[in-house]
Amino acid sequence: MLWYLLYPLRRTTEAPVLVPSHPLRAAFSQYGTWAARHVKTVLPISTAVVFVFLYLFPFLYTTDATNITSGVSNLPHHVWTDAQPLSERAVVEPDVIMRSIWIHGTYMKALERDVLLGALELQDELLGPTTDFNPRKPTNIMPSLPDPTADLDRGERDAFHIVNGLTSQSWFFHSPLQYWSGSASNIAADEDIVSTVNARKAQSTSVNVTLRHSIVFSGKRFEERKLVAADALVITLIHLHDSPVGKQWVRKAEALAARLRDKWTIIPEDGRSTSSQLYEFQFRPMSWPDWVLLSVAYSLTFIYLLLSLSRLRAVKSRLGLMVTIMAQIAASIVSSFTICAIFKIDLSRVPYYAYPLVILAISMENSLRLINAVIVTSSSISISDRIGEAFGATAHVAVANRLQNLLILLGLSRITFPGVAAFCTFAAVAIVFDFFYLATFFLSVLSVDLRQRELRDLEKTSSKRNKSSQATAAKPTLVDTVRQLRLGEIALSTRVAGTIVVLGFVLIAQSHYAPESGRQWLNRILSLSRRNSNSTVSKPSLLIDIHQARSPTSWLRLQDHETAREVINVVKPWAHSYVAMVCDPIIFVLKGSDRVPHSREPYFLPAVYDFIHHEIPRFLVLLMTMIAMLLLFTNYLLQDQFKELGDLDHPDDEPLISIQTLSQGHQLDIVMMAASPGGQLISVGLDRAIQVWDLPSGSRSQITSDLEVPLENPFPVLSMAVDDELKQLALVSWTRVFFWNIEEQQWGPTVQIDLGGHKPEAVFFSVSGPKDTSALVVVRRNGTMSELYPEEEQSRDYVVCKTPLIWAVSFAEAQSLHTNSLRTSMLTVSRKGCIHLVRQHAGGWTSEEIELAAPTSRDIHSLITVPELSMYLVGRSQTVDLVDLESSDIIHTFQTEPMQPRSLRRIASKRTQHSGLVSLTLSYVNSETGDLVIQTYLPDDNSDTVYSYNPTEARNGRRRPWGATREIRRRISKPGVWEALSNGSIVGVRRRPLPPNTQHRPPPVTTSGLRRRGGGTTRPEATSNLENEPWETWAMNHLETKGNFETRPLDPPADGGSEETQFDAGHLMISELGPMTKLGTMSVSVGFGNVIKVISVGHEYYDRARDRLAAGDPSRNLLVARRRRAGAGSRTRGSSR
17 MLWYLLYPLR
27 RTTEAPVLVP
37 SHPLRAAFSQ
47 YGTWAARHVK
57 TVLPISTAVV
67 FVFLYLFPFL
77 YTTDATNITS
87 GVSNLPHHVW
97 TDAQPLSERA
107 VVEPDVIMRS
117 IWIHGTYMKA
127 LERDVLLGAL
137 ELQDELLGPT
147 TDFNPRKPTN
157 IMPSLPDPTA
167 DLDRGERDAF
177 HIVNGLTSQS
187 WFFHSPLQYW
197 SGSASNIAAD
207 EDIVSTVNAR
217 KAQSTSVNVT
227 LRHSIVFSGK
237 RFEERKLVAA
247 DALVITLIHL
257 HDSPVGKQWV
267 RKAEALAARL
277 RDKWTIIPED
287 GRSTSSQLYE
297 FQFRPMSWPD
307 WVLLSVAYSL
317 TFIYLLLSLS
327 RLRAVKSRLG
337 LMVTIMAQIA
347 ASIVSSFTIC
357 AIFKIDLSRV
367 PYYAYPLVIL
377 AISMENSLRL
387 INAVIVTSSS
397 ISISDRIGEA
407 FGATAHVAVA
417 NRLQNLLILL
427 GLSRITFPGV
437 AAFCTFAAVA
447 IVFDFFYLAT
457 FFLSVLSVDL
467 RQRELRDLEK
477 TSSKRNKSSQ
487 ATAAKPTLVD
497 TVRQLRLGEI
507 ALSTRVAGTI
517 VVLGFVLIAQ
527 SHYAPESGRQ
537 WLNRILSLSR
547 RNSNSTVSKP
557 SLLIDIHQAR
567 SPTSWLRLQD
577 HETAREVINV
587 VKPWAHSYVA
597 MVCDPIIFVL
607 KGSDRVPHSR
617 EPYFLPAVYD
627 FIHHEIPRFL
637 VLLMTMIAML
647 LLFTNYLLQD
657 QFKELGDLDH
667 PDDEPLISIQ
677 TLSQGHQLDI
687 VMMAASPGGQ
697 LISVGLDRAI
707 QVWDLPSGSR
717 SQITSDLEVP
727 LENPFPVLSM
737 AVDDELKQLA
747 LVSWTRVFFW
757 NIEEQQWGPT
767 VQIDLGGHKP
777 EAVFFSVSGP
787 KDTSALVVVR
797 RNGTMSELYP
807 EEEQSRDYVV
817 CKTPLIWAVS
827 FAEAQSLHTN
837 SLRTSMLTVS
847 RKGCIHLVRQ
857 HAGGWTSEEI
867 ELAAPTSRDI
877 HSLITVPELS
887 MYLVGRSQTV
897 DLVDLESSDI
907 IHTFQTEPMQ
917 PRSLRRIASK
927 RTQHSGLVSL
937 TLSYVNSETG
947 DLVIQTYLPD
957 DNSDTVYSYN
967 PTEARNGRRR
977 PWGATREIRR
987 RISKPGVWEA
997 LSNGSIVGVR
1007 RRPLPPNTQH
1017 RPPPVTTSGL
1027 RRRGGGTTRP
1037 EATSNLENEP
1047 WETWAMNHLE
1057 TKGNFETRPL
1067 DPPADGGSEE
1077 TQFDAGHLMI
1087 SELGPMTKLG
1097 TMSVSVGFGN
1107 VIKVISVGHE
1117 YYDRARDRLA
1127 AGDPSRNLLV
1137 ARRRRAGAGS
1147 RTRGSSR
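Going by our numbering, the first residue of the sequence shown is number 17, and it counts up by one from there.
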């Protein structure tokens, strides 16, 4: 509702979307990620909080009518109850008149024997003898009206008692002295008055009104649910308008005030009640309209929940999340009940059916919004980051909605009747707890559910919505209409449902307490007159000097619904309420009493202190046992998932970037590297050493060659390639191709080749070849290619393009929709800008020129495949085209800044197989500024994907246009050498500029194995300053949201540093970096002089990449990508300014 009220200012009713860099969103995202990473901590703690409130609940509440005021709270019932003062303008004839006297002794010592005996004397003076009071008379005797000024004898008085028939002269009373049958001898003989009071608290009077402590005592103190002290004895007379007993009470009270001044301090001094107030006492069962409204509200709420969860296609997740949402709501309700009981908030006035409804309406929307936000986040990032990003994107809306509802409830509590105000307080507390459990319990369970890969099935639903938009329009069904209402796709939005339910129920509840007509009570609420009238009705006590523990007004409101029901059955058996004219009580204080409180009254409910004194040891034992069991259960629940999926996250105290050093493999600079998906890295150095590093096992082997025998010497190595089965390594030199068997560590056959004096554009192993033998493909710069079969010592040549090539990239694609068999294909671009698609078939290779719809341009400098969409990107000087592989149609053109040639990279985040992209990121170097520009495209608010991919549509040539997206653009200055990783991160290495005041110092002379080449030459001062700038590695992740940026020194610190960044003996001093190549999905390797730095963003699991290759995942289009000089023949350089 808040966003609707702000529509004139914002011109939209949609909730605001905070940018990822907003401090509030960043804080929520950081917390959400932390909570998801620490499930084993957050889930037990949140459940322990629920256990605390659930354990306290039975100690603070009771359903026993005789224990309602024994220091505990009363649970709500099925009726509307209240003791409500009426406004002075109300024209209502009272049903009865209530008169009372309050007898005080020393503060909180009204149960002293002398006070009781004095109270009995006053009672007998006002009513006549009450010893063994039994007013029941034969029904055939009709009383006659006596002289109004004469005192009634016992027979006349009893004849008018209401037990003998309800007339306008009827009366009855209740008094604590009835515990002793109104006998002074019984009081004098009672050795334990407190025990008698507690034992007879369920005693009934002659009219079946229970003598509860709440109606015969005021200012009570309880311990262990037993009364231990009281401040006042309350004797109450209830009579009808013409009752002679009432008139006698008034007359004798005035006489007592004049006659007993030496023994009692009487207020008022003349013994006359100064004023009176109309009160309505009601015990009203729920009416059939109430039942209908609640039934409809609950039905709609659960239908909404079921329809919302029907989008979740995983059965386990649907049931599990429904149970989780219900458990969260139940925990919020129990927690709120417990807090209200602790702070003595009476919730018994509103029927218990209403309490869950408000929390259901408010809580479900936020929980479902969080689930949907998790679904639309990219599955390429870690589970914890997905939940953190989803929580950061939705938490501010949840907080704003709760603050809005809290303000509404606070305002309503100021203008409504006390019973409704207590309900508003309950709802406000429950809303706060609901957000707490959402941020702890629900986040933890959602994290576990996501780790179990059940929610990943939900992501398939996004494609269904996109597919339906292309299908033939059909007449919408009722279910479709309801779902549109639920999804907010038409004007009606559920975002205001919770607020509407709150307002609606409060107004309905208010109507049950308003005695005026239906048109008047709403006006009284809106005009705030209700509370204003209450302030005039609740008159301040005249007994400030005697320090009453409870005022008469608060005592009246304390009366429970059971007493109201019993009195209604006596005075108006056919009704559900009665109106009483309550006269101000006459106060009698025993002379010589000390009315100064010597101890502070307890702030909390007495049952809370009983719990602390008697239940804490057992509670702590049970709490610790429960936490231990939860920890064990959580560990058991997660251990299999972590074994299967691995922990994709890292601890908070571990940096995002980790660095591993591979040393002692080379004596001179490393100039070439190649990597396999399984974590094998091949490096070539200027010392003519070739090393094979197996990172998963930590082993290293060297390729042996005789440098003195030319036929066995593969140097100079121009390019390398590793097959996907990790069996063969191909080394390409100027005239021959050498094959090394990695498993057997020995040389294989050698094949002659003519490169035409140029380094190859691409070298890769084909997926399959004739007779199921592997083949090596070498693409020459002159536009031709050779397919080499080392086992058969054969080769085949093909023409790719008639003009020289400047780019070649290979990829694997499925041969058909219904098979997992793959074939190798290749895209090339020539110097003249023509693009060729080269595909493998049974008889060899075919090359087909692609004619793009765009005007012919020669500024094409790179081709990047997008296997997630069966498309590819065409990089130009200031644009990037997204081209369909089958139809060669340009789907969309992205505008870029001036782009440095060959610097384009892409990151595509998808959900499930063939379901489309969640985001697309283009990164490149600005040719004018040297900055790294990162452009991320995200779906707009009306879609779940930036582009929905359907393989059937792709094959049939029916491609959808690029939809509406929003762009996030970031910049990194002086990026150095960098690479985009498959996990959605970008990592690089650059020099870290020294502070401006740092003075240049010459490098120290050492006697260690570190060697400085060119140390005797003279270099300019600028070069020396550049060499002194330390190296650092940087990484940026969460490109779709906040874009976290982190750096870490790559050089060893001056004090020795950590082991993983420490230089080994023989490390060369370097002035520029060597080649950089991808390694797995989260790492890169970079040549750092004669050592290799393996930089990981997160935890790398090489086995997963190897398993995906072995499974032949058809959605994996790009198997091997070889670009000119990228990880093949030369170093990749980047600006480090």
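Glycine residues also receive a C-beta, built at the ideal position from the N, C-alpha and C atoms.
Distance, residue j Cα to residue i Cα
{"i": "E631", "j": "G144", "result": "48 Å"}
{"i": "P60", "j": "D465", "result": "16 Å"}
{"i": "I948", "j": "S348", "result": "It is worth fixing the name first, because residue 948 is Leu in this sequence and not Ile. Approximately 48 Å between the Cα atoms of the pair."}
{"i": "A42", "j": "A580", "result": "55 Å"}
{"i": "I562", "j": "K125", "result": "13 Å"}
{"i": "S989", "j": "A830", "result": "40 Å"}
{"i": "L428", "j": "R986", "result": "47 Å"}
{"i": "L322", "j": "A996", "result": "42 Å"}
{"i": "V55", "j": "R402", "result": "14 Å"}
{"i": "Y420", "j": "V448", "result": "The amino acid occupying residue 420 in the given sequence is Gln; Tyr does not appear at that position. The straight-line gap from Cα to Cα measures roughly 12 Å."}
{"i": "S682", "j": "V753", "result": "Checking the sequence, you will find His at residue 682 rather than Ser. If I take the Cα positions, the gap works out to 23 Å."}
{"i": "L771", "j": "V962", "result": "43 Å"}
{"i": "P192", "j": "S315", "result": "48 Å"}
{"i": "A924", "j": "P1091", "result": "24 Å"}
{"i": "L1066", "j": "L702", "result": "22 Å"}
{"i": "P36", "j": "V993", "result": "26 Å"}
{"i": "E1048", "j": "R982", "result": "32 Å"}
{"i": "A737", "j": "Q744", "result": "8 Å"}
{"i": "A690", "j": "S699", "result": "7 Å"}
{"i": "G171", "j": "F299", "result": "34 Å"}
{"i": "D2", "j": "T122", "result": "With the chain covering only 17 through 1153, there is no way to say anything about residue 2."}
Cβ separation of residue i and residue j, assumed to be a contact under 8 Å, to the nearest whole Å
{"i": "A10", "j": "L425", "result": "In the structure as shown, the chain starts at 17 and stops at 1153, and residue 10 therefore has no counterpart that could be examined."}
{"i": "A1155", "j": "G404", "result": "The structure shown does not extend to residue 1155, since the chain spans only 17 to 1153, so no value can be given for it."}
{"i": "V767", "j": "L804", "result": "5 Å"}
{"i": "S886", "j": "L901", "result": "5 Å"}
{"i": "F755", "j": "P765", "result": "6 Å"}
Where residue i falls: helix, strand or coil (DSSP)
{"i": "L419", "result": "helix"}
{"i": "I769", "result": "coil"}
{"i": "M1098", "result": "coil"}
{"i": "H630", "result": "helix"}
{"i": "E759", "result": "coil"}
{"i": "V35", "result": "coil"}
{"i": "D600", "result": "coil"}
{"i": "A1230", "result": "An answer regarding residue 1230 cannot be provided, because it is not within the stretch 17 to 1153 covered by the chain."}
{"i": "D900", "result": "strand"}
{"i": "F233", "result": "strand"}
{"i": "H120", "result": "strand"}
{"i": "Q575", "result": "coil"}
{"i": "V779", "result": "strand"}
{"i": "M338", "result": "helix"}
Touch test, the segment 256 to 271 against the segment 181 to 194, Cβ-Cβ under 8 Å, three pairs minimum: yes
Is the segment 352 to 371 close to the segment 382 to 395, with three or more CB pairs under 8 Å? no
To test your reading of the DSSP string, which unbroken beta strand (DSSP E) runs of 3 or more residues are found completely within the segment 688 to 757? 696 to 701, 706 to 710, 715 to 719, 735 to 738, 744 to 748 and 752 to 757
Report yes or no: do the segment 636 to 647 and the segment 55 to 74 share at least 3 C-beta pairs separated by less than 8 Å? yes
Within the segment 913 to 942, note down every full alpha helix (DSSP H) run reaching 4 residues or more, in order along the chain. none
Of all the alpha helix (DSSP H) runs that stay within the bounds of the segment 241 to 276, which reach a length of 4 or more residues? 260 to 275
Stretch pair the segment 614 to 626 + the segment 235 to 243: three plus CB contacts closer than 8 Å: yes
Please go through the segment 790 to 862 and give each complete beta strand (DSSP E) segment of 3 or more residues, from N-terminal end onward. 792 to 795, 800 to 805, 810 to 815, 821 to 830, 838 to 846 and 851 to 857
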